[in-house]
Amino acid sequence: MEKFTSVVEFSSFRQRILNERDTGYDKPTLVVCAGTGGQASGSNDVIRVIKRYVLERSLQYRVRLRITGCQGFCEMDPFIVVEPGRQLYPKLKMEDIPRVIEAAVGGYTIDDLIYKDSRDKKSYECQNDIPFFEKQTRTILGSNQHLDPIRIFNYIEINGYSAFEKVISNPDPEWIIEEVKKSQIRGRGGAGFPTGKKWELARASKSPDGQKYLVCNADEGDPGAYMDRSLLEGNPHSIIEGMIVAGIAIGATQGLIYVRSEYPLAVKHTLIALRQARDIGILGKNILGTGIDFDIDVVRGAGAFVCGEETALIKSVEGFIGEPRQRPPYPIEKGIKNRPTCINNVETLANIPHIINEGGDNYAKIGTPGNTGTKIFSLVGKIRNTGLVEVPLGMKISDVVYDIGGGAAGNAKIKAVQTGGPSGGCIPASMFDMPIDYDSLVQAGSIMGSGGMIVMDEDTCMVDVAKYFMNFLKDESCGKCFTCRKGTQRMYEILEDISNGKATLTDLDLLEELALAIKDTTMCGLGQSAPNPVLSTLKYFREEYRRHIEDKKCDAFVCKELVGAPCQAACPVGTEAWRYVAHIARGEYAEAYGVIREANPFPSVCSRVCDHKCELRCRSGQSGGDPVAIRALKRFVTDRIDPSEYKPIRHPWPTGEPPMVAIIGSGPAGLTAAHMLSLRGCKVTVFESECETGGMLNCAIPSYRLPRNVIKKEIECLIDENITVECNTALGKDISVDGLLNDGYKSVLLAMGAHKSKPLRLENEDVEGVYPSIEFLKAYNLKGEQLAKGRVGIIGGGNSAIDAARMALRQKDVESVSILYRRTRDEMPAFAEEIEAAEQEGIDIQTLITPIKVLITSGLFSGLECARNELGETDSSGRRRPVMIEGTEFTIELDTLIVAISEDSGTDCIIPAKSSGIEITNWNTVQVDSKTLQTNRPGVFAAGDVVSGPNTVIDAIAGGKKAANMILRYLQGKEMIEPAELNLPTVYVEPVSIEKIDESRVETPRASVDWRKRNFAEVEVSLSVEEATREACRCLRCDLEFTKKKEEKTHHTELAAVGGK
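According to this note's numbering, the sequence shown is numbered sequentially starting from 458.
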């Protein structure tokens, strides 16, 4: 390669390359990302297949191959971008590559391989239109796609070294610094100090021998962050160009790139680029004959996190242990070898050529005042689109997370984002409207850092997050400051105690005190920011800490010593699902039923209508397979054991006359409480406003899901000599809370459920033919009335809507049934299996529709005027708001309309009289103490949907159990708040010996569609013995980690007692 000795020669060389760059570019180009992430995903295999296929078919004159560094869309690796059309083919398999090559040569697109958005399945033929790229401003990263990082000619072809040429032609340090100051760029390494100010100070610093150092800090120690690595791998010449300009500006003669040894590809590409720059004469002595000396060496660090701090980095460069020192003197005054040293981040230096080419004023137009330009973030975690994103500073967090990142990767909602690496903080989803800039992040308790952005969902435990980062920080502490060395260790120990259920609220106070002490007393920036993960999680997620300490619960199911077996921990009533599954595997069905019934008085009901939270947390499903069909196994057992066979343990009232308790409502919450109180000797009277017991079980759930004989049999087994039921007796009409208390009842439980449908609030909604869903369901379930006629429309997407739709379909005068929902199908809150069953039965589900007018003809309901919706901005729940599209109004002709948008709790019987004195919330539910379920009136409790709003059957049962326990404590004069205990597996059940396991989940048998939609017979069928045994054997037996230890300990104790060993 020719070495140039003058600026004129170099300028001619650049111009020649620029003039010739379009030669041969009429051919399509296959662009393959071969950065570290791409190679880990198989891009090297992609490149080999391309080369072999092209050469075998002599296509080298018809198609080009460009191997690049990281292009940012790491989630889709390995992928190929075809230019000039910029079609992106993601996650390619080796057998697909020949098709892509042929499509590139032939000039067409492969529809089944082209990128499709995972949310709406929409195809995108141009890379720039893909949501991941559309909202980015790829000033720095955009260049990576257009060049091979080890070819200097490629860099020059995209106008590389133009800023260098501009500066070297007229070296004016003051002008350079002024332009950088005008740009208002702040250091991208984390602290955000103005780069122009730093350079100005560095230039003014004096050195005894005139020697100054410029250091590019590429020591990227944040877990999950790889921006600097990708820039050095994908475009090293841009950093070299920025360093040359910076060196001329501050008067440095020696540059250093400090990069960790864990980045071998970055080191390799950087060394090649430096050699090429020296070969053409733009690095070294007397650059291009200008008398300017500037060279760059690479220094490899050992990967210590603390060496990201400037003074520790300097020590490492000098060959010493990387320890920070006191400042002042600052590095720009006294750094490497006691010479002035200016340290800039990789990304900062990559921005310099753009500032010089565009001018500082133009650069400052991007971003916001004081936070200008773009910033590259490493977007990782529980998100659909992971990778490197480059956005203008000032963009909202929500835009990055939901629009570019695509939102949550799974069904769990996004909970928080952690910025700034281990020393950063966690920002809750409720604050995602905050702009991303240095000052806002600091105010929120976090930092910009080098640009790590870890997205966390509701399956992330914030205590565990704080513990993870504190474990990292205590190990990475250099140890120079006592408060950092011992303080981070002690903080980690406290967090460990919290996650193990051993801490107290006093420990929480100590944790916060320690964090503040470390922040105030440590010397370097890393030590001062080390408490950020703890302080930010305490600030925004203190309730999680309290739950760990007081309730012994980890709601994210992460902390093993609090969770035990996830299926048991997930069950609202604490059913030992693992235990009855183990008994089923052993063929012990009576024992299995006993385990279920011990925790749940409605096992047969729940085996049909439970929302099976246990399956959502089953480790078989979270480890890549399918969860165990726990509910189906429960159904298998309850169909084989009669409820009357179970004999619960009873306790007489300890002293004196048993107290009388009144329960309003005979739904699952009320009857559960009645049963539990009866078992403890209380005399219970249950008041029911309807003509029979069961509440919503009878009123709202169709018999094809829950047969009435199942409900009746289970309730009959709960009613005993201590329980009296009075039907057709309504609160506020026939009885009152005050009257019950005056009649001698020592306590009252309100469990009226949520039986009132919410209205649409549209004109003419009360016309004949329009029914609230609960009224419609009750009409058939309690009276046998078939209200649906002709063409039926249901508004809503929850379980009531699906139940109403499937019930309407089975009524004799119905022609068709349509469900209208304002959001997308994926966002429908109804059970997924019920939605699927409805579609199988021919129910038409129309989404993104808003009703705007109820139509009337001759005084009768005749249809709906609706409008189409589109998904707009993301709301606080992480879902995109449905926005009505103007001009899309249309009419749906209907004969019957059922409104199923939600239900209200049954508080109407309390509010009008105002004599009860019971407080009601703004959501029209009964106000209770969440720990005791007691209302503002002593002795009056509430549970179930009347407290929570419309909820599941199992949650209502759990509320009833808790209420019964609290009423007992109240009646016995005990402290109302009961200390929580760890609920871990304790009973050892011998596992069965299995040679081979069928890993596939058993399919729950169902009646045929054609038959079932013509009647109200039960749809789901019980498993066979063979199916149940096979499914039970799929259980991973998470309990054994706890019960096996206990069994072994007991065994060793017994051996010791008899003198064994």
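Note that the Cβ used here is the ideal one computed from N, Cα and C, for glycine as well.
Complete alpha helix (DSSP H) runs within the segment 999–1046 (minimum length 4 residues, chain order): Inside the segment 999–1046, DSSP marks whole alpha helix (DSSP H) runs of 4 or more residues at positions 1017–1020, 1023–1027, 1034–1042, from first to last along the chain.
Cβ contact check for the segment 1389–1405 and the segment 1276–1287: 3 or more pairs under 8 Å: no
Residue nearest to Glu915 in terms of C-alpha spacing, selected from Gly863, Pro885, Ala923, Asp1223: For the purposes of this step, residue 915 is identified with residue 458 of the sequence shown, where counting begins at 1. Measuring from the Cα of Glu915, the nearest candidate turns out to be Pro885.
Tyr670 - DSSP class collapsed to helix/strand/coil: Looking up residue 670 in the sequence shown gives position 213. The answer is strand: DSSP assigns Tyr670 an E or B state.
Length-filtered (4 minimum) alpha helix (DSSP H) runs lying within the segment 780–812: none
Reference Ile809; option with closest CA among Ile625, Ile701, Ala1400, Val756: Locating residue 809 in the sequence shown gives position 352, where the first residue counts as 1. Selected option, being the one with the closest Cα: Ile701.
Residue of Leu1217, His1212, Leu604 minimising C-alpha distance to Arg523: Residue mapping note: residue 523 aligns to position 66 of the sequence shown, counting from 1. Looking at the Cα atoms, Leu604 is the closest of the given residues.
Sequence-distant residues of the same chain with beta carbon closer than 7 Å to Pro788, five excluded per side: For the purposes of this step, residue 788 is identified with residue 331 of the sequence shown, where counting begins at 1. Glu767, Thr768, Ile771, Thr798, Ile800, listed in sequence order.
Assigned secondary structure, Gly881 (DSSP; H/G/I helix, E/B strand, else coil): The residue given as residue 881 occupies position 424 in the sequence shown. Coil, per DSSP.
Contact the segment 827–840 vs the segment 722–733: 3+ CB pairs below 8 Å: no
Nearest-angstrom beta carbon gap, Cys1024 and Trp1035 [assumed within contact, 8 Å]: As a working mapping, residue 1035 is identified with position 578 in the sequence shown. As a working mapping, residue 1024 is identified with position 567 in the sequence shown. Confirmed, about 6 Å.
Leu850 and Asp894 closer than 7 Å at C-beta: Numbered from 1 along the sequence shown, position 393 holds the residue referred to as residue 850. Numbered from 1 along the sequence shown, position 437 holds the residue referred to as residue 894. The answer is yes: Cβ separation under 7 Å.
Identity of the residue in Ser515, Tyr518, Gln517, Ile537 nearest Thr525 by Cα: In the sequence shown, residue 525 corresponds to position 68, counting from 1. Closest option to Thr525, Cα to Cα, is Ile537.
Beta-carbon spacing of Ile1053, Leu1090 below 7 Å: In the sequence shown, counting from the first residue as 1, residue 1053 sits at position 596. In the sequence shown, counting from the first residue as 1, residue 1090 sits at position 633. For Ile1053 and Leu1090, no; Cβs fall outside 7 Å.
C-alpha distance - Ala560 paired with Ser1275, whole-angstrom precision: Residue 560 sits at position 103 when you count from the first residue of the sequence shown. Residue 1275 sits at position 818 when you count from the first residue of the sequence shown. Cα-Cα distance, rounded: 42 Å.
Cβ-based burial, Phe590 [other Cβ within 10 Å; buried from 16]: Within the sequence shown, residue 590 is the residue found at index 133, counting from 1. By the 10 Å Cβ count, Phe590 comes out buried.
Contacting residues, own chain, Cβ-Cβ under 8 Å from Ala1370 (five flanking each side not counted): Within the sequence shown, residue 1370 is the residue found at index 913, counting from 1. The pLDDT assigned to Ala1370 is 46, lower than 50, so where the model puts this residue is not dependable; a value taken from the coordinates is nonetheless given after this. For Ala1370, where only same-chain residues beyond five positions count, the Cβ hits under 8 Å are Gly1189, Ser1193.
Glu1272 (DSSP reduced to helix, strand or coil): Numbered from 1 along the sequence shown, position 815 holds the residue referred to as residue 1272. The answer is strand: DSSP assigns Glu1272 an E or B state.
Cβ-Cβ separation, Val1066 to Arg1162 (assumed contact under 8 Å), whole Å: Indexing the sequence shown from 1 puts residue 1162 at position 705. Indexing the sequence shown from 1 puts residue 1066 at position 609. Indeed they touch by this definition, with Cβ atoms about 6 Å apart.
Check whether Ile975 and Gly936 have beta carbons under 7 Å apart: Within the sequence shown, residue 975 is the residue found at index 518, counting from 1. Within the sequence shown, residue 936 is the residue found at index 479, counting from 1. No, these two residues do not count as a Cβ contact at 7 Å.
Beta-carbon proximity check, Ser934 vs Arg942, cutoff 7 Å: Position 477 of the sequence shown, counted from the first residue, corresponds to residue 934. Position 485 of the sequence shown, counted from the first residue, corresponds to residue 942. Yes. Within cutoff.
Element boundaries [alpha helix (DSSP H), containing Pro693]: Position 236 of the sequence shown holds residue 693. From DSSP, the alpha helix (DSSP H) with Pro693 extends over 693–707.
Beta-bridge pairing of Thr876 - partner residues as DSSP gives them: By 1-based counting over the sequence shown, the position of residue 876 is 419. Answer is Gly882, Met910, bridged to Thr876.
Beta-carbon proximity of Glu1330 to Arg1336, cut-off 7 Å: Stepping through the sequence shown from its first residue, residue 1330 is reached at position 873. Stepping through the sequence shown from its first residue, residue 1336 is reached at position 879. No, they are not a contact pair.
Cβ neighbour criterion (16 or more within 10 Å) applied to Ile1309: Taking the sequence shown and counting its residues from 1, the one referred to as residue 1309 is at position 852. Exposed: under 16 other Cβ atoms inside 10 Å.
Phe1398 beta carbon less than 7 Å from that of Ala1421: Your numbering for residue 1421 matches position 964 in the sequence shown. Your numbering for residue 1398 matches position 941 in the sequence shown. The answer is no: Cβ separation not under 7 Å.
Complete beta strand (DSSP E) runs within the segment 1176–1263 (minimum length 3 residues, chain order): 1180–1183, 1204–1207, 1227–1229, 1247–1252
Sub-7 Å separation of Gly1253 and Ala1324 beta-carbons: Here residue 1253 refers to the residue found at position 796 of the sequence shown. Here residue 1324 refers to the residue found at position 867 of the sequence shown. Against a cut-off of 7 Å, the Cβ pair of Ala1324 and Gly1253 comes out as no contact.
Strand pairing of Val538, partner residues [DSSP]: As a working mapping, residue 538 is identified with position 81 in the sequence shown. Val538 is bridged by DSSP to Val488, Leu545.
C-beta contact flag for Ser1273 and Ser1230 at 7 Å: Numbered from 1 along the sequence shown, position 816 holds the residue referred to as residue 1273. Numbered from 1 along the sequence shown, position 773 holds the residue referred to as residue 1230. It is not a contact, given that the beta carbons lie outside the stated cut-off.
Cys1323, DSSP secondary structure in three states: For the purposes of this step, residue 1323 is identified with residue 866 of the sequence shown, where counting begins at 1. Three-state result, Cys1323: strand.
Validate contact between the segment 610–624 and the segment 581–595 using beta carbons, cut 8 Å, 3 pairs: no
Glu1108, buried or exposed, once every other Cβ within 10 Å from all chains shown has been counted against 16: In the sequence shown, residue 1108 corresponds to position 651, counting from 1. Per the sequence presented here, residue 1108 reads as His, with Glu not at that position. His1108 comes out exposed.
Span separating the alpha-carbon of Thr961 from that of Glu1007: Sequence index remark: in the sequence shown, residue 961 carries index 504 (1-based). Sequence index remark: in the sequence shown, residue 1007 carries index 550 (1-based). Each residue's alpha carbon lies about 7 Å from the other.
Closest Cα partner of Thr1345 within the set Leu1351, Val557, Glu1327, Glu657: Residue mapping note: residue 1345 aligns to position 888 of the sequence shown, counting from 1. With distances taken between Cα atoms, Thr1345 lies closest to Glu1327.
Residues bridged to Tyr1278 [DSSP beta-bridge criterion]: Position 821 of the sequence shown holds residue 1278. Beta-bridge analysis with DSSP links Tyr1278 to Thr1304.
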